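Following: one structure in structure tokens, then a few remarks.
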Amino acid sequence: MIYDGYVYCEKPPINKVEDLEIFDLINPSKFFFGFNYRFSEIQKFILKTKEKYDLGELININVHMSYPYSVKEHYKHSWKSDIEKSPIGVIENLGIHYLDLSVTLLGAVKEVFLNSTNINKTGTADDTASVSLLHENGSTSQIFISYATLAREDLYFSFESGDVNYNGAELIAYYPRETFNQKGLSITPPVVLSKSIDSELFHSKSLKNCVDYFINIVQTNDDFDQALCNNARISTLAMLGMVED
Numbered sequence: 131m132i133y134d135g136y137v138y139c140e141k142p143p144i145n146k147v148e149d150l151e152i153f154d155l156i157n158p159s160k161f162f163f164g165f166n167y168r169f170s171e172i173q174k175f176i177l178k179t180k181e182k183y184d185l186g187e188l189i190n191i192n193v194h195m196s197y198p199y200s201v202k203e204h205y206k207h208s209w210k211s212d213i214e215k216s217p218i219g220v221i222e223n224l225g226i227h228y229l230d231l232s233v234t235l236l237g238a239v240k241e242v243f244l245n246s247t248n249i250n251k252t253g254t255a256d257d258t259a260s261v262s263l264l265h266e267n268g269s270t271s272q273i274f275i276s277y278a279t280l281a282r283e284d285l286y287f288s289f290e291s292g293d294v295n296y297n298g299a300e301l302i303a304y305y306p307r308e309t310f311n312q313k314g315l316s317i318t319p320p321v322v323l324s325k326s327i328d329s330e331l332f333h334s335k336s337l338k339n340c341v342d343y344f345i346n347i348v349q350t351n352d353d354f355d356q357a358l359c360n361n362a363r364i365s366t367l368a369m370l371g372m373v374e375d
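Using my numbering, you'd call the opening residue of the sequence shown number 131 and step up by one each time.
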């Protein structure tokens with residue numbers, strides 16, 4: 131008997147190339163992949179800023195997300211530290227959310243470069259990685275994630291005429307690009323919009339928004355936007371160091 135109900139899938143649906151066929155087997159109108167930033171405050175803040183200011187096109191996303199999880203005893207016994215259970219390591223456990231955010235905001239991927247390593251050697255899975263994406267529209271994303279380096283969260287979005295930043299405590303929008311001092315030298319534009327939100331609340335609200343969206347679709351017996359499933363496929367391919375043919 132084939133199950134044809136709704137499915138909520140947290141994290142990537144697969145972590146091995148040979149399992150990619152799963153995307154051809156599932157019903158995209160019933161499957162939802164709950165990546166953390168699909169309905170996050172970042173998305174809302176960017177939309178609000180663009181409504182008020184002419185930021186232009188988004189051209190680059192730069193992510194630095196790290197915390198020293200691998201120095202804890204708990205990590206040593208976690209499946210996240212085991213290469214057999216987590217073959218792509220920190221990229222599939224932490225990086226996938228930022229890959230999906232990049233694909234959501236910048237679209238399909240043309241080229242991907244991955245580099246990962248096991249710095250602390252606490253387990254067998256890689257605890258640190260960097261990922262660079264070249265999107266088909268010419269924009270770029272750089273993502274650094276680590277379970278081995280000090281705690282830092284920074285997401286920076288560079289638009290043609292302004293920037294948006296989340297520093298782990300506050301969302302900040304800078305505008306306009308044409309900001310100069312009395313000598314005619316370029317300086318950092320003024321903050322035109324900001325919102326304080328600590329990291330823990332930021333992530334919990336993002337997850338709650340995903341779950342609420344899923345429940346609403348189920349309760350109304352509606353279909354999920356198939357673009358969401360397609361983005362999940364693109365993000366998963368990038369996680370594996372691949373792009374669509």
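Don't be surprised by glycine CBs; every beta carbon is placed ideally from N, CA and C.
Model, not experiment: these values are computed from the prediction.
### Query
So residue 293 and residue 277 are in contact, right, with Cβ under 8 Å, and what is the actual spacing, rounded?
Residue 293 to residue 277, Cβ: 28 Å. No contact.
### Query
Hey, residue 219 and residue 255 are a contact pair by Cβ (cut 8 Å); roughly how many whole angstroms apart?
4 Å
### Query
Thinking C-alpha only, which one of 253, 170, 327, 149 is nearest residue 300?
327
### Query
Residues in its own chain within less than 6 Å of residue 213 by CB, not counting five upstream and five downstream?
254, 255
### Query
Does DSSP put residue 342 in a helix, a strand or coil?
Under the three-state reduction of DSSP output, residue 342 falls in the helix class.
### Query
On the premise that residue 139 lies in contact with residue 161, defined as a C-beta separation below 8 Å, what is that separation, rounded to the nearest angstrom?
6 Å
### Task
Please classify residue 320: is it buried, with 16 or more other beta-carbons within 10 angstroms of its beta-carbon, or exposed?
exposed
#### Entry: C-beta contact flag for residue 194 and residue 284 at 7 Å
yes
### Message
Helix, strand or coil, according to DSSP, for residue 325 in the structure here?
### Response
strand
### Message
Let me confirm a value: residue 306 is counted as buried when at least 16 other C-beta atoms fall within 10 Å, else exposed. Which label applies?
### Response
Residue 306 counts as exposed, since fewer than 16 other C-beta atoms from the protein chains shown sit within 10 angstroms of its C-beta.
### Message
For residue 282, list the residues DSSP reports as bridge partners.
### Response
Residue pairing from DSSP places residue 282 in a beta bridge opposite 196.
### Message
Judging by CA-CA distance, which residue of 146, 151, 243, 189 is the nearest neighbour of residue 287?
### Response
For the set 146, 151, 243, 189, the Cα lying nearest the Cα of residue 287 is the one of 189.
### Residue from 227, 206, 168, 289 whose Cα sits closest to the Cα of residue 180
289
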